[in-house]
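Heads up: the sequence shown at position 21 corresponds to 76 in the working numbering, and the numbers run straight through without jumps. Everything on this sheet refers to the single structure shown next.
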Amino acid sequence: MRTPKLSEYNDYATWVTFEVMANYQVRVVLTNDLLKSAEGRLGSGPGEEADAFCYHVKGAGRSYIFLPMDAPESTVAHECWHIIHRVMTYCHVVDMDDEIIAYHLDHMVEQVYKFKNAIKSSTKKEVSDDQSKRRASSTKRH
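Shown next as structure tokens:
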């Protein structure tokens, strides 16, 4: 996974693709401001105050999942379920057998957490780099 970069909407975003499910694409957005991220990316936010939400592009194999940076596991699992249900519906999966759902839900949750961990690692690196630069510049003055 590439090092996550802060977007123009002051959030982090990556794509998750389900190759075996018609290349269905999911834009994972982690943010501290759900409304700003949604308005910037979709033109509007959720119709109500939300802790997190999904948006499914009508007639297309694409969805968005908007999560706060500090989303608890329960919220991540809840929103990922909505994504997987949409993927299955879009691909006309009639028999939503437990194993099919569990496998894809596992994959989606894992991708969200890989992305969250990559963001944490990159922001810790940025903080430690900034601190090193400050220490270096303060020792040069003496």
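Note that the Cβ used here is the ideal one computed from N, Cα and C, for glycine as well. These numbers were taken from a predicted model, which means no experiment stands behind them.
**Request:** Please say whether P59 and T72 have beta carbons closer to each other than 8 Å?
**Result:** no
**Asked** Can we say the segment 113-126 touches the segment 74-84, given the rule of at least three CB pairs closer than 8 Å?
**Response** The answer is yes - the segment 74-84 touches the segment 113-126, with three or more Cβ pairs under 8 Å.
**Prompt:** When we look at the beta-carbon of K171 and count the other beta-carbons within 10 Å, is it buried (16 or more) or exposed?
**Reply:** buried
**Request:** Tell me where the beta strand (DSSP E) around L122 begins and ends.
**Result:** 117-123
**Request:** My understanding is that N87 touches P123, with C-beta atoms under 8 Å, so please give their C-beta distance in whole angstroms.
**Result:** 7 Å
**Request:** Using 10 angstroms around the beta-carbon of C146, count the other beta-carbons present and answer buried if the total reaches 16, otherwise exposed.
**Result:** Counting Cβ neighbours within 10 Å, C146 comes out exposed, since fewer than 16 surround it.
**Message:** Quick check: the segment 133-143 against the segment 153-161, are at least 3 beta-carbon pairs closer than 8 Å?
**Reply:** Between the segment 153-161 and the segment 133-143 there are three or more C-beta pairs closer than 8 Å, enough to call the two in contact.
**Prompt:** Taking the C-alpha atoms as reference points, what is the distance between F108 and V131?
**Reply:** Going from the Cα of F108 to the Cα of V131 covers about 10 Å.
**Prompt:** Per DSSP, Q166 forms a beta bridge with which residues?
**Reply:** Bridge partners of Q166: none, in fact.
**Message:** I need the boundaries of the alpha helix (DSSP H) containing T72, first residue and last residue.
**Reply:** That residue, T72, is in no alpha helix (DSSP H); its beta strand (DSSP E) goes 67-73.
**Asked** Going by the beta-carbon positions, is the gap between S99 and A105 smaller than 8 Å?
**Response** no
**Request:** Please work out which residues of its chain come closer than 8 Å, Cβ to Cβ, to I155, disregarding the five sequence neighbours upstream and downstream, and give them in chain order.
**Result:** M143, V148
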